Amino acid sequence: MQGIRFCATGAALPHTSISNEALSQRVDTSDEWIRSRTGITARRIAAEQENLTTLASAAGRLALERAGWDPKSLDLILLATSSPDDLFGSAPRVQAQLGASSAVAFDLTAACSGFLFALITASQYLRTGAMGRALVIGADQLSRWVDWNDRSTCVLFGDGAGAVAIEACGADQDGLLGFRMASDGRKADCLSLRQVASRQELIPGISSQLGGFEPIAMNGQEVYKFAVREVPAVLQELLKSTGTKPEALDWLLLHQANQRILNAVAERLGLPEAKVLSNLAHYGNTSAATIPVMLHEAVQAGLVKPGHLIASSGFGAGLSWGAALWRWSGPTP
Ligand code: UT7
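Numbering (numbering that gives the first Met the number 0), first residue to last: 0 to 332.
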């Protein structure tokens, strides 16, 4: 079995930022409410010339540059997204924009757990030796699916993309030390972006469903309770199964949904706040993009260094959740 090396990151955020104050022109909310309940102060919204594909491609391109890889050396592009430009998949368009002509490219849908699930999935192709290099992208443009008149959801989400370049390496240098993934579809209604229920008559007596989706619907309190229960539990299981003491971790890298969730998970694990990576104040919840965007910023800022041990967890719609323990390597010297 091959090992997995975590080589480089990239990120792309739309330029347009909407502050809490600006948003309160649209819905009955306030900077004080949003900041104290979530830690968010602003979110980025894709402009007219931007979309899921352009953001994902820009993040991917940066990761390839940082890795020093020829795009043609890629075997796989896995795009975690729940808001593609094309329901048949946006990954092939990203592949074309990157000029990664040898790579197979496809989408993976698992909402806010998407990046973590995609990273674990891609790593299995590398482990078996079936593939050598993969680009894992987490990208979402939820601004197109949020009800901008619903203050209970619209203040939370933003658009963005992040990418991580991984490659197969010797088993003795393996950087993916363990993972866990879980789903509970019985709670799917807690957070959903559902197909519209309307139908059209085709010919007398036969109708078909109309395409299209309802805006995001969420039971915030249920999702909050689920996150603070399952995320510490899955991380604790992972640490136990890999024989890792929490104090051995350099960083806790969680899906950026709510600062109160980040703090509660860290507290349960007995980790100091200084080890909790957080950037959601600036971007809100960018769904599949939060983990790779945060990782990119932490690597760029020199916080995450080669050899650092990172425990990561994604969670959200599905309901779905998971965790992975990895050692950051950085580009091959
Ligand atoms: O990727 C996973 C995605 N989702 C999550 O992680 C969400 C997890 N849940 C949460 O983060 C929190 O539940 C929220 C931030 C969504 C909400 O915070 P909360 O402390 O659970 O608030 P709440 O839903 O209990 O609402 C409290 C009050 C309500 O008013 P009343 O009924 O007490 O009068 C809401 O109507 O706050 C009101 N409210 C707002 N007020 C001002 C809800 N949204 C807003 C708002 N501005 N934007």
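Think of the CB as a built atom: it goes at the ideal place given N, C-alpha and C, for glycine as much as any other residue.
In this text the structure is predicted, and so the values were computed from the model without any measurement.
> Does the Cβ of H295 lie closer than 7 angstroms to at least one heavy atom of the ligand UT7?
Replying inline: H295: no, Cβ never under 7 angstroms from the ligand UT7.
>> Does H14 pass the burial test, meaning 16 or more other C-beta atoms within 10 Å, or should it be called exposed?
In response: It is exposed - the Cβ of H14 has fewer than 16 other Cβ atoms within 10 Å.
>> Nearest by alpha-carbon distance to A10: which of A167, T53 and S182 is it?
In response: Answer by Cα proximity: T53.
> Just to confirm, does W32 get its C-beta within under 7 angstroms of one of the non-hydrogen atoms of the ligand UT7?
Replying inline: Under cutoff, so the answer is yes.
> Between the Cα of I136 and the Cα atoms of I165, S151 and L276, which residue gives the shortest distance?
Replying inline: With distances taken between Cα atoms, I136 lies closest to I165.
>> Let me check you understand the geometry: is the CB of R150 closer than 7 angstroms to at least one non-hydrogen atom of the ligand UT7?
In response: Annotation for R150 indicates a beta carbon within 7 angstroms of some heavy atom of the ligand UT7.
> How would you write the range of the beta strand (DSSP E) that S206 sits in, first residue to last?
Replying inline: Membership of S206 in the beta strand (DSSP E) is indicated by the continuous run I205 to Q208.
> So, helix, strand or coil for G98, using DSSP?
Replying inline: The three-state reading of DSSP puts G98 in coil, since its state is none of H, G, I, E or B.
> Under 7 angstroms from any heavy atom of the ligand UT7, does the C-beta of L155 make it?
Replying inline: For L155, the shortest separation between its Cβ and any heavy atom of the ligand UT7 lies below 7 angstroms.
> How should Q194 be labelled, buried or exposed, when 16 other C-beta atoms within 10 angstroms of its C-beta is the threshold for buried?
Replying inline: Q194 is exposed by the Cβ-count criterion.
>> Within 8 angstroms of any Cβ in chain D, is that where the Cβ of L78 sits?
In response: Considering every chain present, this structure includes no chain D. It has just one protein chain.
>> Assuming G177 is part of the beta strand (DSSP E), what are its boundary residues?
In response: Where G177 is concerned, the enclosing beta strand (DSSP E) starts and stops at L175 to S182.
> Comparing the CB of R36 with every heavy atom of the ligand UT7, is any distance shorter than 7 angstroms?
Replying inline: Within the chosen limit of 7 angstroms, the ligand UT7 reaches the beta carbon of R36 through at least one heavy atom.
> For L201, does the count of other Cβ atoms within 10 angstroms reach 16, so buried, or fall short, so exposed?
Replying inline: L201 should be labelled exposed.
> What is the residue span of the alpha helix (DSSP H) that F114 lies within?
Replying inline: Counting along the chain, F114 sits inside the alpha helix (DSSP H) bounded by residues G113 to R126.
> If you check the beta carbons only, do D146 and I215 fall under 8 angstroms apart?
Replying inline: Against a cut-off of 8 angstroms, the Cβ pair of I215 and D146 comes out as a contact.
> Less than 8 angstroms separating the beta-carbons of G204 and Y282?
Replying inline: Result no, Cβ atoms of G204 and Y282 do not sit closer than 8 angstroms.
> If you check the beta carbons only, do V227 and W320 fall under 8 angstroms apart?
Replying inline: No, they are not a contact pair.
>> Let's test the definition: count the other Cβ atoms within 10 Å of the Cβ of S312 and tell me whether it reaches 16, buried, or not, exposed.
In response: Burial call: buried.
> Based on the DSSP secondary-structure assignment, which residues constitute the bridge partners of T8?
Replying inline: Partner(s): V163.
> Is it a yes or a no for the region 120-129 touching the region 67-81, going by three-plus beta-carbon pairs under 8 angstroms?
Replying inline: Judged by pairs of C-beta atoms under 8 angstroms, the region 120-129 touches the region 67-81, as three or more such pairs exist.
> Who are the near neighbours of D106 in its chain, counting only those whose CB is closer than 7 angstroms to its CB and skipping five residues on each side?
Replying inline: L78, T80, P83, G88, S89 and A90, listed in sequence order.
> Shortest alpha-carbon distance to W144 belongs to which of S286, A170, G59 and R25?
Replying inline: Proximity to W144 across S286, A170, G59 and R25 peaks at S286, based on C-alpha coordinates.
> Within 10 angstroms of its Cβ, does Q48 collect 16 or more other Cβ (buried), or is it exposed?
Replying inline: Exposed, by the Cβ-count rule.
> Is it buried or exposed for P332, if we count other Cβ within 10 angstroms and need 16 for buried?
Replying inline: The pLDDT assigned to P332 is 48, lower than 50, so where the model puts this residue is not dependable; a value taken from the coordinates is nonetheless given after this. Answer is exposed; the Cβ neighbour count stays below 16.
>> Taking the alpha carbon of F5 as the reference point, which residue from G219, T289, L63 and A110 has its own alpha carbon closest?
In response: Of the candidates G219, T289, L63 and A110, the one whose C-alpha sits nearest the C-alpha of F5 is L63.
>> Are there any heavy atoms of the ligand UT7 lying less than 7 angstroms away from the beta-carbon of M217, as far as the coordinates show?
In response: With a cut-off of 7 angstroms, the C-beta of M217 is classified as near the ligand UT7, since at least one heavy atom of the ligand falls inside that distance.
>> Using only the alpha-carbon positions, how far apart do P291 and V93 sit?
In response: C-alpha separation (whole angstroms): 17 angstroms.
> Once you ignore the five residues that flank L51 on each side, which residues in its own chain have a CB closer than 7 angstroms to its CB?
Replying inline: Cβ neighbours of L51 beyond the five flanking positions: T80, S82, P83, D84, S89, A138 and Q140.
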